[in-house]
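Below is one structure; the comments refer to it alone.
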Amino acid sequence: MKAIVVTPGQHGTVRMDDVPDPEPAPHEVAVSVLRVGLCGTDAEIADGLFGEAPAGDRHLIIGHENVGVIEDVGRRVRGWRRGQIVVATVRRPCGRCFNCGRGENDMCTSGLFSERGIRRRHGYMAQYYAESPAFLHRIPKALANVAVLLEPLSIVEKGIDHSFRLQRRFLWKPRTAVVLGAGPIGLLAAAVLRIRGLDAVVISREPDSDPRVRLARALGAQYLSAADRTMEDLQKEIDPIDLAVEATGVSAVAFDAMQVLGPNGVLCLLSVTSGRTKAEEPIDRINEMLVLGNRVVFGSVNANARHFTMGINDMAVMEKKWPGVLERLITTRLPWTKYGQWFGAARHGIKTTLEVGLV
Ligand code: BGC
Numbered sequence: 155m156k157a158i159v160v161t162p163g164q165h166g167t168v169r170m171d172d173v174p175d176p177e178p179a180p181h182e183v184a185v186s187v188l189r190v191g192l193c194g195t196d197a198e199i200a201d202g203l204f205g206e207a208p209a210g211d212r213h214l215i216i217g218h219e220n221v222g223v224i225e226d227v228g229r230r231v232r233g234w235r236r237g238q239i240v241v242a243t244v245r246r247p248c249g250r251c252f253n254c255g256r257g258e259n260d261m262c263t264s265g266l267f268s269e270r271g272i273r274r275r276h277g278y279m280a281q282y283y284a285e286s287p288a289f290l291h292r293i294p295k296a297l298a299n300v301a302v303l304l305e306p307l308s309i310v311e312k313g314i315d316h317s318f319r320l321q322r323r324f325l326w327k328p329r330t331a332v333v334l335g336a337g338p339i340g341l342l343a344a345a346v347l348r349i350r351g352l353d354a355v356v357i358s359r360e361p362d363s364d365p366r367v368r369l370a371r372a373l374g375a376q377y378l379s380a381a382d383r384t385m386e387d388l389q390k391e392i393d394p395i396d397l398a399v400e401a402t403g404v405s406a407v408a409f410d411a412m413q414v415l416g417p418n419g420v421l422c423l424l425s426v427t428s429g430r431t432k433a434e435e436p437i438d439r440i441n442e443m444l445v446l447g448n449r450v451v452f453g454s455v456n457a458n459a460r461h462f463t464m465g466i467n468d469m470a471v472m473e474k475k476w477p478g479v480l481e482r483l484i485t486t487r488l489p490w491t492k493y494g495q496w497f498g499a500a501r502h503g504i505k506t507t508l509e510v511g512l513v
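In short: position in the sequence shown from 1, add 154, done, that's my numbering.
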């Protein structure tokens, strides 16, 4: 079959290749891939900064944001049928630690987990993949066209879910949330926070005319441009920040965010930054603010099955509340043979997908 692969650790090796067809075990299903989404992690893998091939292979099939349709059902599989639209999770358990043993692979403590399309396991940028249904989620037909957003949404669901869980440490009545960054993660976070009943403020660098800004406003969020203002200036226009989600991809912004959080506030960091940037920071001030204000800062990666389920439910709510808004997040749908238009060039728009199966 055809697949889009890289040689991990090397820059600029993305290519479409012929690879062996997957061979589903009796307890697995074969899924025909419909579409994959592209994100910063794919770009970093293509730049050789991230990613690891499965044992015994030099190449890695990339792609982790996915949607497909079941093509074949193994003879030992019950309750799944051909034609079912599915989204697969990304991380697979290490087989050793307590958390992976209980389905919380996203909280693996051994570091020996694998991630499809990222680390030690082939991904979904291929015509087919084989998988155990334990790692699949059924997608209602009405969401099929936007279901490729479920994996990034699961990241948001986990970050917000964990923020609420952390804040059970006291009586928390959050009102104001700030989202830093207006990419797919930032906009999805704004949507989930609105659904949870919070006032959401999206802060990013785009000018008012940008489609991201229109989308943020369509979700009922306030938009503030950070193009010519510091975070400290912006903070003056906002009520005390109870919950902040950082999704700009810039670590300096994470440190700025720590300094504008309201009393008892929680900051969830979602950006994976594989650079080596160094900066001077006011560490006494940051430490004092965290201590004297009971503030929490935490990082969050990946998501488990529960968060995918929350994402499916929230997608249905979003479609009802703001019809068509999820579709508007997908600004470019490329035939997958044109993958070079995204990997090799300046990127525009919000989410780009590769439409697979169109060789
Ligand atoms: C993926 C996560 C993954 C993380 C780190 C993100 O782009 O969405 O599933 O855990 O990268 O590899």
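Cβ coordinates follow ideal geometry from the N, Cα and C atoms, glycine included. Values in this document were obtained by computation on a predicted structure and should not be read as measured data.
Residue burial classification, residue i (beta-carbon count within 10 angstroms, cutoff 16)
{"i": "S428", "result": "exposed"}
{"i": "H218", "result": "buried"}
{"i": "Q164", "result": "exposed"}
{"i": "V513", "result": "With a pLDDT of only 47 at V513, under the threshold of 50, the placement of this residue in the model should not be trusted; the figure read from the coordinates follows. Exposed."}
{"i": "N448", "result": "exposed"}
{"i": "T195", "result": "buried"}
{"i": "P361", "result": "exposed"}
{"i": "G271", "result": "buried"}
{"i": "E391", "result": "exposed"}
CA-to-CA distance, residue j to residue i, given in whole angstroms
{"i": "G351", "j": "I437", "result": "34 angstroms"}
{"i": "L341", "j": "K492", "result": "26 angstroms"}
{"i": "A280", "j": "G494", "result": "15 angstroms"}
{"i": "A207", "j": "D382", "result": "42 angstroms"}
{"i": "N418", "j": "S186", "result": "47 angstroms"}
{"i": "V223", "j": "P176", "result": "15 angstroms"}
{"i": "A380", "j": "A331", "result": "16 angstroms"}
{"i": "V479", "j": "A336", "result": "14 angstroms"}
{"i": "V510", "j": "D387", "result": "45 angstroms"}
{"i": "S363", "j": "S405", "result": "26 angstroms"}
{"i": "V420", "j": "A433", "result": "23 angstroms"}
Proximity to residue i [Cα-Cα], best of the options
{"i": "N299", "options": "G453, P174, V190", "result": "V190"}
{"i": "N458", "options": "G205, A242, D171, P176", "result": "A242"}
{"i": "V407", "options": "K474, A184, C422, P394", "result": "C422"}
{"i": "L373", "options": "A207, D353, A433", "result": "D353"}
{"i": "F462", "options": "N441, S379, H165, E258", "result": "E258"}
{"i": "H526", "options": "L188, C193, A157", "result": "What the structure shows of the chain is the stretch from 155 to 513, and residue 526 is not part of that stretch, so it cannot be assessed."}
{"i": "D260", "options": "V450, D382, M443, V244", "result": "V244"}
{"i": "E481", "options": "A301, T195, A284, V471", "result": "A301"}
{"i": "Q413", "options": "S405, I440, G403", "result": "I440"}
{"i": "R348", "options": "Y282, I504, I199, W476", "result": "W476"}
{"i": "N220", "options": "Y278, K156, V356, E311", "result": "Y278"}
{"i": "M155", "options": "P162, E285, D172", "result": "D172"}
heavy atom of the ligand GTP below 7 angstroms from residue i C-beta
{"i": "R273", "result": "No copy of the ligand GTP occurs in the structure displayed; its ligands are the ligand BGC alone."}
Same chain, Cβ closer than 8 angstroms to residue i, five either side skipped, listed in chain order
{"i": "S264", "result": "C248, R250, C251, C254"}
{"i": "H291", "result": "V240, V241, A242, T243, L304, A459, F462, T463, I466"}
Own chain partners of residue i with C-beta closer than 7 angstroms, once the 5 adjacent residues on each side are dropped
{"i": "L424", "result": "I309, G313, I339, V399, E400, A401, S454"}
{"i": "G228", "result": "P178, A179, P180, H181, E182, V183"}
{"i": "W496", "result": "L192, L488, T506"}
{"i": "Y283", "result": "P176, V185, V187"}
{"i": "I395", "result": "T330, V332, V414, L415, G416, G419"}
Residues near residue i in its chain [Cβ-Cβ closer than 6 angstroms; skip 5 each side]
{"i": "M469", "result": "L297"}
{"i": "S358", "result": "G335, A336"}
{"i": "D201", "result": "H165"}
{"i": "V343", "result": "In the sequence under discussion, the amino acid at residue 343 is Ala, which differs from the Val named in the question. V310, V333, V399, listed in sequence order."}
{"i": "D226", "result": "A184"}
Rounded distance between the beta-carbons of residue j and residue i, thought under 8 angstroms
{"i": "E435", "j": "F409", "result": "5 angstroms"}
{"i": "G205", "j": "V160", "result": "7 angstroms"}
{"i": "L553", "j": "V450", "result": "Missing from the structure shown is residue 553; the chain here goes from 155 to 513 and no further."}
{"i": "R329", "j": "D393", "result": "7 angstroms"}
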